[in-house]
Amino acid sequence: MNDPLIWINDEIQSIHDNNLFRNLTELQTGQFPQIKIDNKSHVLLASNSYLGLSVDPRVINSSKSALEKYGTGSGGSRLVSGSSDLHRQLEERIAEFKNTEAAILFSSGYLANVGTISSIVGPDDIIFSDELNHASIIDGCKLSKAKTEIYKHLDLKHLEELISNNQSYKKKLVVTDTIFSMDGDLVNLRKLVEICEKFSCMLMIDEAHAMGVLGERGSGATEYFDVEKRVPIVMGTLSKAVGSLGGYVCGSQKLIDFIRNRVRTYIFDTSLPASSLAASIEAINIIENEKERRDNLWRLIKRFKAGIKNIGLEILPTHSAIIPVLIGEPEPALEFSRMLREKGVYSPAVRPPSVPTGKCRIRSSIMATHTEEKIDFALNAFKEVYEIVYS
Ligand SMILES: Cc1ncc(COP(=O)(O)O)c(C=O)c1O
């Protein structure tokens, strides 16, 4: 019998030919500022646990207690197998933190985006989506079968033009990351809100990389731009600064009631386990109460950015803990990352389809738990690699 999967050989070869084959890097530790790979110590510049909370002893203890009380799995979807008090408590905590009427949990941010977008618009509707939106937003748009207009990255003039030319649709959705996952830059959310209000568009934002990082209380871009009550659909994830797992959508009670009844990635998916729920509640309390963590994060971000610029490398215009150092083609980006590894720094090369062709980069991410010494150690490694590569 012929191998029915023979076509995969060509696909894999083509991935290799383009230097786009992906391999895993195995860490022997959790997401600490200093990690072990192959028994060797490395400074970790690759984590989205921006505040270091995934390994915070208080978060771990809350998670452990919940694990002992509730066990490992949640047993099924909440509508069928029952919803725990921790699910409710975390939803209430998120709604309070994000200053919205209500919130609803998903098993991941990916599922929150895909399910919500594909339920709130359909084939007769239109979506306006930033060209660098996260894959989960793109997939949600595709699944919805709505007409999708892509506007140039952060170009709100272009967005306005596209909306003006498509006024006749009854339901219009504008969707965007607030902080972009691979570029770290930030949408002008106040201006975006004004545009959506002017044209009666629904606005949905993805706060994945903003929660914990932006705003006095650390709740994200809605707080930072003082528009908490003006964004009708706010999505986020608990897997980054919160250091746990899960996604959420928050907004009005009627939006949440609609999602609970209509969104398939909520209805037909096993809910989060208690250990993740308790970890998130504890982490959100820390985010809100320990502003000094965020202050330290921003101090270290500034130090790292200044150091990279001093070396002569190009940083894309970021406004977050994500520092993209532009390299260009896949092979030199991989080589740069490999050489950093040799010098004890783990910072991955990001290639298409995660970023546009020709825009490969080293995506470094800073954590509040890094120290100035670790940042300087990493900068020194960047400098040495830069001197070898560009001399
Ligand atoms: C902007 C953005 N949205 C959504 C997601 C998906 O969230 P999760 O990892 O919780 O599925 C991610 C990251 O993975 C992201 O970067």
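Note that our numbering has the sequence shown beginning at 26, numbered continuously upward.
Backbone N, C-alpha and C fix where the C-beta goes; we use that ideal spot for every residue, glycine too.
- Sequence-distant Cβ neighbours of Ser389 in its own chain, meaning closer than 6 Å and more than five residues away, are Leu70, Ile348 and Ser372.
- For the region 230 to 300, the continuous beta strand (DSSP E) assignments of 3+ residues that do not extend past its boundaries occur at 258 to 262 and 272 to 276, in sequence order.
- Bridge pairing for Asp202: Asp231 [DSSP].
- Contact between Thr201 and Asn158 holds: their C-beta atoms lie close to 6 Å from each other, under 8 Å.
- Residue ranges of uninterrupted beta strand (DSSP E) with 3 or more members, entirely inside the region 115 to 152 and ordered along the chain, are 127 to 131.
- Not one heavy atom of ligand 1 falls within 7 Å of the beta-carbon of Gly98.
- With three or more CB-CB distances shorter than 8 Å, the region 159 to 169 counts as touching the region 138 to 147.
- One Cα belongs to Glu222, the other to Leu211, and the distance between them is close to 20 Å.
- If only complete runs of 4 or more residues are kept, the region 51 to 126 shows the alpha helix (DSSP H) at 82 to 95, 103 to 106 and 110 to 122, in order along the chain.
- Within the DSSP secondary-structure output, Val370 pairs in a beta bridge with Val68.
- The region 245 to 262 makes no contact with the region 43 to 63; the number of CB pairs closer than 8 Å stays below 3.
- In the DSSP assignment, no residue is bridged to Arg318.
- Beta-bridge partners assigned by DSSP to Glu174: Phe153.
- For the pair Ser144 and Ile400, the Cα-to-Cα distance works out to about 44 Å.
- Membership of Ile33 in the alpha helix (DSSP H) is indicated by the continuous run Trp32 to Asp42.
- The shortest CA-to-CA distance from Thr125 to any of Phe131, Ser132 and Glu117 is the one to Glu117.
- CA-CA distance, Val370 to Ser87, rounds to 31 Å.
- The Cβ atoms of Asp180 and Thr203 do not sit closer than 8 Å to each other.
- Under a 10 Å Cβ-count criterion, Lys197 is classified as buried, with 16 or more other Cβ atoms of the shown protein chains found around its own Cβ.
- Shown here for Leu280: same chain residues with a beta carbon closer than 8 Å to its own, the five before and five after excluded, namely Ala127, Pro257, Ile258 and Val274 in chain order.
- DSSP places Ser389 in the uninterrupted beta strand (DSSP E) bounded by Cys385 to Ser390.
- Between ligand 1 and the CB of Thr262, the shortest heavy atom gap is smaller than 7 Å.
- According to the DSSP assignment, Gly353 belongs to the beta strand (DSSP E) that extends over Ile347 to Gly353.
- Thr173 has its alpha-carbon roughly 6 Å from the corresponding atom of Phe153.
- Lys195 sits in coil when the DSSP states are folded into three classes, being neither helix nor strand.
- Shown here, Val380 sits in coil according to DSSP, grouped into three states, outside any helix or strand.
- With a cutoff of 8 Å on beta-carbon distance, Pro298 and Ser79 are scored as not near each other.
- Around the C-beta of Met26, fewer than 16 other C-beta atoms lie within 10 Å, and the residue is accordingly described as exposed.
- At a Cβ-Cβ threshold of 8 Å, Val84 and Glu307 count as neighbours.
- Leu211 carries a strand assignment under DSSP once its states are collapsed to helix, strand and coil.
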